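Working notes, beginning with the structure itself.
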Amino acid sequence: AQTVTQSQPEMSVQEAETVTLSCTYDTSENNYYLFWYKQPPSRQMILVIRQEAYKQQNATENRFSVNFQKAAKSFSLKISDSQLGDTAMYFCASRQETSGSRLTFGEGTQLTVNP
Amino acid sequence: NAGVMQNPRHLVRRRGQEARLRCSPMKGHSHVYWYRQLPEEGLKFMVYLQKENIIDESGMPKERFSAEFPKEGPSILRIQQVVRGDSAAYFCASSPEWTANTEAFFGQGTRLTVV
């Protein structure tokens, strides 16, 4: 069984600064994928970044990067140069090889970027 | 290529009525997933369907909930005799195949309110 835990219900950051959102997970498989999704007030789920567990290199997408610590089962999201449009709920999610495209989500972190 | 289309965006039902939620997957996608998001929580997997087949319904409540994905037309999530606890956002996602490496694309969700 998969579990994903986000221990920070809310976070805030000043515009242009850097913020890190935490996520831990548990899985019994060796092959799995990890994701961060953004859910703005429109409720649309937007994929921010993904990480394949077999890759040691941390994924980056422009201002977004992850710190993937496989042994610790930790997968944090760093947002650099925060922008007002980054204000949203952020969900960490995992997907195991045996569960195909089925995702397991964490509880979410509400990020507010202040001007 | 239109994204995943869900309708209606908002649905209000009185207790005891039926709710029908529709999901049209992206063109070329034959795999559909339904998730439920209760207030202040992350998304929880409900059911995974391919055309005319339910593949995994392990997340579906045992009673009152059913899903289908007919050969023609959208996938339907049906909730009979709705109760207040069914109030939630229901998301549909689709993918072209069932592998962990395949991204699932989400619709904007249907917010069901039971009064």
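Line by line, the protein sequences give chains A and B. Our numbering applies: residue 10 is where the first sequence begins, and numbers increase by one. Our numbering applies: residue -14 is where the second sequence begins, and numbers increase by one. Here a beta-carbon is modelled for each residue, glycine too, at the ideal position from N, C-alpha and C. This one's a predicted model, so the numbers in the text were calculated from it and none came from an experiment.
On the three-state DSSP scale, how would you describe residue i?
i, result
"residue 107 (chain A)", "helix"
"residue 95 (chain A)", "helix"
"residue -9 (chain B)", "strand"
"residue 6 (chain B)", "strand"
"residue 19 (chain B)", "strand"
"residue 86 (chain B)", "coil"
"residue 16 (chain A)", "coil"
"residue 11 (chain B)", "coil"
"residue 25 (chain A)", "coil"
"residue 11 (chain A)", "coil"
"residue 119 (chain A)", "strand"
"residue 0 (chain B)", "coil"
"residue 99 (chain B)", "strand"
"residue 28 (chain B)", "strand"
Determine, using beta carbons only, whether residue i and residue j come nearer to each other than 7 Å.
i, j, result
"residue 109 (chain A)", "residue 27 (chain B)", "no"
"residue 6 (chain B)", "residue 62 (chain B)", "yes"
"residue 54 (chain B)", "residue 54 (chain A)", "no"
"residue 57 (chain A)", "residue 77 (chain A)", "no"
"residue 62 (chain A)", "residue 41 (chain A)", "yes"
"residue 22 (chain B)", "residue 73 (chain B)", "yes"
"residue 71 (chain B)", "residue 99 (chain B)", "yes"
"residue 79 (chain A)", "residue 34 (chain A)", "no"
"residue 85 (chain A)", "residue 31 (chain A)", "yes"
"residue 104 (chain A)", "residue 30 (chain B)", "no"
"residue 97 (chain B)", "residue 4 (chain B)", "yes"
"residue 81 (chain B)", "residue 13 (chain B)", "yes"
"residue 94 (chain B)", "residue 59 (chain A)", "no"
Would residue i be called buried (16 or more neighbouring beta carbons within 10 Å of its own) or exposed?
i, result
"residue 138 (chain A)", "Absent from the structure is residue 138 (chain A), since the part of chain A shown begins at 10 and ends at 124."
"residue 36 (chain A)", "buried"
"residue 122 (chain A)", "buried"
"residue 115 (chain A)", "buried"
"residue 10 (chain B)", "buried"
"residue 93 (chain A)", "exposed"
"residue 36 (chain B)", "exposed"
"residue -2 (chain B)", "buried"
"residue 67 (chain B)", "buried"
"residue 23 (chain A)", "exposed"
Less than 6 Å separating the Cβ of residue i from some heavy atom of the ligand HEM?
i, result
"residue 29 (chain B)", "No copy of the ligand HEM occurs in the structure displayed, which carries no ligand at all."
Going along the chain, which unbroken runs of the beta strand (DSSP E) with 3 or more residues stay wholly within the stretch 27 to 88 of chain A?
-> 28 to 30, 33 to 35, 41 to 48, 55 to 61, 73 to 78 and 83 to 88
Check each residue of the stretch 42 to 56 of chain A: if its Cβ is closer than 9 Å to any Cβ of chain B, include it; give the result in chain order.
-> 42, 44, 46, 48, 51, 52, 53, 54, 55 and 56
Please list the residues of the stretch 56 to 81 of chain B that have a C-beta atom closer than 7 Å to any C-beta atom in chain A, keeping them in chain order.
-> 74, 76 and 80
Quick one: which residues of the stretch 13 to 28 of chain B get their C-beta closer than 7 Å to a C-beta of chain A? List them in chain order.
-> 16, 18, 26, 27 and 28
Name, going along the chain, the residues of the stretch 112 to 124 of chain A whose beta-carbon falls closer than 9 Å to a beta-carbon of chain B.
-> 112, 113, 114, 115, 116 and 117
Entirely within the stretch 33 to 81 of chain B and at least 3 residues each: give me those beta strand (DSSP E) ranges in chain order.
-> 38 to 41, 50 to 53, 60 to 64 and 73 to 80
Near-chain B residues of the stretch 90 to 105 of chain A - C-beta to any C-beta below 7 Å = 100, 104 and 105
Between the stretch 81 to 100 of chain B and chain A, which residues of the former have CB atoms less than 9 Å from a CB of the latter, in chain order?
-> 82, 83, 84, 85, 86, 87, 88, 89, 90, 91, 92, 93, 94 and 96
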